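Q:
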Amino acid sequence: LVQNNCQDKSIPRQAEHSSTTFKQTNKNTRIQNTAMGNLAAKLRTKGKPGRSASIKTHRSSKSGNDQQSENTFKLLLLGAGESGKTTILKQMRFLHGKPLSSTELEKFKSVIRSNVITAIRKLMGLLSLLGLEGELSDNEKEAFMHLTEEFSNLEVRATLNVHENIMLEHWQAIQTLWSSEVMMHVWLQRAACNVIDGHKLFLDNISRIASTDYSPTSGDILLARERTYKEKRRIHHVDGANFEFYDVGGQRGARREWIKSFNRNVDAVIFVVALSEYDQMLNENRRTNRMVESIELFKSVCNNAAFANKPVMLFLNKKDVFADKIVSSDIGAQPPFRDYTGRPGNFDDGVEYFVKKFMDCLFNPENHERFVHVTNATDPSNMLFVLNSTRWIVMRENIESSFGRGVF
347 LVQNNCQDKS
357 IPRQAEHSST
367 TFKQTNKNTR
377 IQNTAMGNLA
387 AKLRTKGKPG
397 RSASIKTHRS
407 SKSGNDQQSE
417 NTFKLLLLGA
427 GESGKTTILK
437 QMRFLHGKPL
447 SSTELEKFKS
457 VIRSNVITAI
467 RKLMGLLSLL
477 GLEGELSDNE
487 KEAFMHLTEE
497 FSNLEVRATL
507 NVHENIMLEH
517 WQAIQTLWSS
527 EVMMHVWLQR
537 AACNVIDGHK
547 LFLDNISRIA
557 STDYSPTSGD
567 ILLARERTYK
577 EKRRIHHVDG
587 ANFEFYDVGG
597 QRGARREWIK
607 SFNRNVDAVI
617 FVVALSEYDQ
627 MLNENRRTNR
637 MVESIELFKS
647 VCNNAAFANK
657 PVMLFLNKKD
667 VFADKIVSSD
677 IGAQPPFRDY
687 TGRPGNFDDG
697 VEYFVKKFMD
707 CLFNPENHER
717 FVHVTNATDP
727 SNMLFVLNST
737 RWIVMRENIE
747 SSFGRGVF
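Every letter in the sequence shown is one number past the one before it in the working numbering, and letter 345, counting from 1, is 691.
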């Protein structure tokens, strides 16, 4: 089942994907572009008459009478840093968990204000690197010099509270600089400084975020960036089943913690990739392309003995940013992807190219059930994709336990 039939209004007209269907390269690969209705319907109709293929269907591959154990699904979130893994857990919390406490909201408020400082500092560094200070107006130049002096006193690992206080004290200078035409030119070249694309929303709304009565919206929280250092475990009860998520840090320095997660005997792997990072370099190694890093990481994960025969859900994230970026940043112009032969600026061609890059990583494609989801960070259908993919996995387990492996 390979589909690309979602008309997303957030994608610019010149880069909007068409209704063209991707070519199916393997029976075990299912590509979804936020439209999960067909898969859900297929799961419902493949069950016994009058019954839906709900998640709470007993998993015959597990033994024992403990129904809670039978209906618990362990999902491991993997991927490089800043790909959007933790965002998936936030969405699950919004949809199926408890509301955020006042303490948690206060924490996110500090994180978001700190994100503003991180973003403007990176952009100011790029502005200087491009030698554009002379293009600023007098007011903009004054704001630039004022912020440069303020940031020069910041310690490398300043706390969230320090960043928050600086943002609250100097937000008007940040707003003046951000609204300049020069900064808009810098923004178009943001890949050079690895600023997080979603934080444009914070800079655009800096007066709201700096207000004394500011309370983060769900959209703000989904875009907030706080680095994950150690494994996080979250459990959510959905449709009669317990979803047990394991989230780990994606930066190179945090991957030593992954070995613990590899021993969890998970039911499926969710691997998250930022589509938009095809023209960016790692923070840890400025010579390594981020997409190349993700592809190599995916190869090592999928071909690891710990995940033999485990289903893989590949999230190609940040499609909205990707669609906007490919208009001005050609995929084929990037040294690692000079074999790209698709149409410049074409969403479908670009996605299909990278899907093939990831599928080519599998040494034995027949051993993995693969679900590919093209999405963006704030898309509420992400969780529907996870739930429906899990339904498919359960149904497959039940059928194969009765008729033997290889039925699908």
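Every residue gets a Cβ at the ideal spot worked out from N, C-alpha and C, and that includes glycine.
This structure is a prediction, so every number in the text was calculated from the model and none was measured.
#1: Under the rule that 16 or more other beta-carbon atoms within 10 Å means buried, what is isoleucine 555, buried or exposed?
#2: Just to confirm my understanding: we take leucine 493, look at its own chain, exclude 5 residues before and 5 after, and list those with CB closer than 6 Å. What are they?
#3: Going straight from the alpha carbon of aspartate 685 to that of glycine 678, what length do you get?
#4: Just the C-alpha distance for asparagine 649 and aspartate 706, rounded to the nearest angstrom, thanks.
#5: Note down the Cα distance separating valine 673 from glycine 586, rounded to an integer number of angstroms.
#6: Exposed or buried, which one is aspartate 694 when buried takes at least 16 other CB atoms within 10 Å?
#7: Can you give me the Cβ contacts of methionine 513 inside the same chain, cut-off strictly under 6 Å, excluding the 5 residues immediately before and after it?
#8: How long is the line joining the alpha carbons of glutamate 298 and serine 483, rounded to whole angstroms?
#9: Compute the beta-carbon to beta-carbon distance between lysine 664 and serine 727, rounded to the nearest angstrom, for a pair I have assumed lies under 8 Å.
#10: Please return the same chain residues whose Cβ sits closer than 7 Å to the Cβ of phenylalanine 653, not counting the five positions on each side in sequence.
#11: Mind checking which residues open and close the alpha helix (DSSP H) that includes valine 528?
#12: Between histidine 516 and the rest of its own chain, which residues show a CB-CB distance below 8 Å, the 5 nearest in sequence each way excluded?
#13: Would DSSP call threonine 687 helix, strand or coil?
#14: With distances taken between CB atoms, is the gap from glutamate 572 to arginine 579 smaller than 9 Å?
#15: Using a 10 Å radius around the Cβ and a threshold of 16 neighbouring Cβ atoms, would you call threonine 736 buried or exposed?
#16: So who's on the other strand from glutamate 590, going by DSSP bridges?
#17: Hey, would you say phenylalanine 617 sits closer than 9 Å to leucine 424, going by beta carbons?
#18: Where do the ends of the beta strand (DSSP E) carrying alanine 669 lie?
#19: Could you check the C-alpha separation between isoleucine 466 and serine 429 for me, to the nearest Å?
#20: Can the beta-carbon of lysine 487 be found less than 9 Å from the beta-carbon of cysteine 539?
#21: Please classify tryptophan 738 as buried or exposed, where buried requires at least 16 other C-beta atoms within 10 Å of its C-beta.
#22: Could you check the C-alpha separation between asparagine 417 and phenylalanine 683 for me, to the nearest Å?
#23: Apart from the five residues just before and just after glutamate 450, which ones in its own chain have a Cβ nearer than 6 Å to its Cβ?
#24: Leaving out five residues on either side along the sequence, give the residues of the same chain with a beta carbon under 7 Å from the beta carbon of isoleucine 567.
#25: With 16 as the cutoff for other CB atoms within 10 Å, does arginine 632 come out buried or exposed?
#26: Hey, out of Met529, Lys645, Asp613, Glu481, whose CA is closest to valine 732's CA?
#27: Tell me whether the beta-carbon of phenylalanine 548 lies closer than 9 Å to the beta-carbon of leucine 523.
#28: Glutamate 510 and serine 456 look like a contact to me (Cβ under 8 Å); what is the Cβ gap, rounded to whole Å?
#29: Can you give the beta carbon distance from valine 541 to leucine 478, rounded, assuming they're within the 8 Å contact cut?
#30: Which value, in whole angstroms, describes the spacing of the CA atoms of glycine 480 and leucine 643?
#31: Distance, Cα to Cα, histidine 531 vs serine 525?
#32: Would you kindly work out how many angstroms separate the C-alpha atoms of threonine 721 and lysine 431, rounded to a whole number?
#33: Between the Cα of leucine 660 and those of Val701, Leu628, Thr687, spot the shortest distance and give me the residue it belongs to.
#34: Quick one, which of Asn551, Glu452, Asp550, Leu475 has its alpha-carbon nearest leucine 506's?
#35: At what residue ranges does the segment 629 to 667 contain a whole run of the alpha helix (DSSP H), taking only runs of 4 or more?
#36: Alpha carbon to alpha carbon, how far is alanine 426 from asparagine 535? Give it in angstroms, no decimals.
A: Walking through what the data contain:
#1: Numbered from 1 along the sequence shown, position 209 holds the residue referred to as residue 555. Its Cβ being crowded by 16 or more others within 10 Å, isoleucine 555 is buried.
#2: Mapped onto the sequence shown, residue 493 falls at position 147. Answer for leucine 493: Ala519, listed in chain order.
#3: To locate residue 685, count along the sequence shown from 1; it is residue 339. To locate residue 678, count along the sequence shown from 1; it is residue 332. Distance between the alpha carbons of aspartate 685 and glycine 678: 7 Å.
#4: What you label residue 649 is simply residue 303 of the sequence shown in a count that begins at 1. What you label residue 706 is simply residue 360 of the sequence shown in a count that begins at 1. Spanning the two alpha carbons is a distance of roughly 12 Å.
#5: Taking the sequence shown and counting its residues from 1, one reaches residue 673 at position 327. Taking the sequence shown and counting its residues from 1, one reaches residue 586 at position 240. Valine 673 and glycine 586: Cα-Cα distance of roughly 44 Å.
#6: Counting from one through the sequence shown, the residue named residue 694 turns up at place 348. The residue in question, aspartate 694, is buried, as its Cβ has 16 or more Cβ neighbours within 10 Å.
#7: As a position in the sequence shown, residue 513 is number 167, starting the count at 1. Only Arg459, Val462, Ile463 meet the Cβ criterion.
#8: Here the chain covers residues 347 to 754 and nothing more, so residue 298 does not appear.
#9: As a first step, residue 664 must be located in the sequence shown, where it is residue number 318. As a first step, residue 727 must be located in the sequence shown, where it is residue number 381. Contact doesn't hold; Cβ gap of about 15 Å is too wide.
#10: Within the sequence shown, numbered from 1, the residue matching residue 653 stands at position 307. The answer, listed in chain order, is Val615, Val647.
#11: Sequence index remark: in the sequence shown, residue 528 carries index 182 (1-based). Start and end: 527 to 533.
#12: Here residue 516 corresponds to residue number 170 of the sequence shown, with the count starting at 1. His492, Leu493, Glu496.
#13: The residue labelled residue 687 in the question sits at position 341 within the sequence shown. Three-state DSSP puts threonine 687 in coil, outside helix and strand.
#14: Counting from 1 along the sequence shown, the entry for residue 572 is found at position 226. Counting from 1 along the sequence shown, the entry for residue 579 is found at position 233. No. Outside cutoff.
#15: Counted from its first residue, the sequence shown places residue 736 at position 390. When all chains shown are included, threonine 736 counts as buried.
#16: Working through the sequence shown from its first residue, we reach residue 590 at position 244. In the DSSP output, where bridge partners are listed per residue, glutamate 590 has Lys420, Ile581.
#17: As a first step, residue 617 must be located in the sequence shown, where it is residue number 271. As a first step, residue 424 must be located in the sequence shown, where it is residue number 78. In contact: phenylalanine 617 and leucine 424 (Cβ atoms closer than 9 Å).
#18: Counting from 1 along the sequence shown, the entry for residue 669 is found at position 323. Not the beta strand (DSSP E): alanine 669 falls in the alpha helix (DSSP H), residues 665 to 671.
#19: Taking the first residue of the sequence shown as position 1, residue 466 is located at position 120. Taking the first residue of the sequence shown as position 1, residue 429 is located at position 83. C-alpha separation (whole angstroms): 20 Å.
#20: As a first step, residue 487 must be located in the sequence shown, where it is residue number 141. As a first step, residue 539 must be located in the sequence shown, where it is residue number 193. Not in contact: lysine 487 and cysteine 539 (Cβ atoms no closer than 9 Å).
#21: As a position in the sequence shown, residue 738 is number 392, starting the count at 1. Classification of tryptophan 738: buried, given that the 10 Å Cβ count is 16 or more.
#22: For the purposes of this step, residue 417 is identified with residue 71 of the sequence shown, where counting begins at 1. For the purposes of this step, residue 683 is identified with residue 337 of the sequence shown, where counting begins at 1. Answer to the nearest angstrom: the Cα atoms are 43 Å apart.
#23: Taking the first residue of the sequence shown as position 1, residue 450 is located at position 104. No residues qualify anywhere along the chain.
#24: Position 221 of the sequence shown, counted from the start, is the residue given in the question as residue 567. Hits under 7 Å: Lys436, Phe454.
#25: The count along the sequence shown starts at 1 and reaches residue 632 at position 286. Exposed, since its Cβ has fewer than 16 Cβ neighbours within 10 Å.
#26: Here residue 732 corresponds to residue number 386 of the sequence shown, with the count starting at 1. Residue Asp613 is the option with its Cα nearest to valine 732.
#27: Residue mapping note: residue 548 aligns to position 202 of the sequence shown, counting from 1. Residue mapping note: residue 523 aligns to position 177 of the sequence shown, counting from 1. The answer is no: Cβ separation not under 9 Å.
#28: Position 164 of the sequence shown, counted from the first residue, corresponds to residue 510. Position 110 of the sequence shown, counted from the first residue, corresponds to residue 456. Confirmed, about 5 Å.
#29: As a working note, residue 541 is residue 195 in the sequence shown. As a working note, residue 478 is residue 132 in the sequence shown. Between leucine 478 and valine 541 the Cβ distance is about 16 Å, and since that is not below 8 Å, they are no contact.
#30: On the sequence shown, position 134 is the one that residue 480 refers to. On the sequence shown, position 297 is the one that residue 643 refers to. Cα-Cα distance, rounded: 42 Å.
#31: Counting from 1 along the sequence shown, the entry for residue 531 is found at position 185. Counting from 1 along the sequence shown, the entry for residue 525 is found at position 179. Each residue's Cα considered, the two are about 11 Å apart.
#32: In the sequence shown, counting from the first residue as 1, residue 721 sits at position 375. In the sequence shown, counting from the first residue as 1, residue 431 sits at position 85. Looking at the two C-alpha atoms, the distance is approximately 12 Å.
#33: Stepping through the sequence shown from its first residue, residue 660 is reached at position 314. The shortest Cα separation from leucine 660 among Val701, Leu628, Thr687 belongs to Val701.
#34: As a position in the sequence shown, residue 506 is number 160, starting the count at 1. With distances taken between Cα atoms, leucine 506 lies closest to Glu452.
#35: 636 to 648
#36: As a working note, residue 535 is residue 189 in the sequence shown. As a working note, residue 426 is residue 80 in the sequence shown. In the sequence under discussion, the amino acid at residue 535 is glutamine, which differs from the asparagine named in the question. Cα to Cα, glutamine 535 sits roughly 22 Å from alanine 426.
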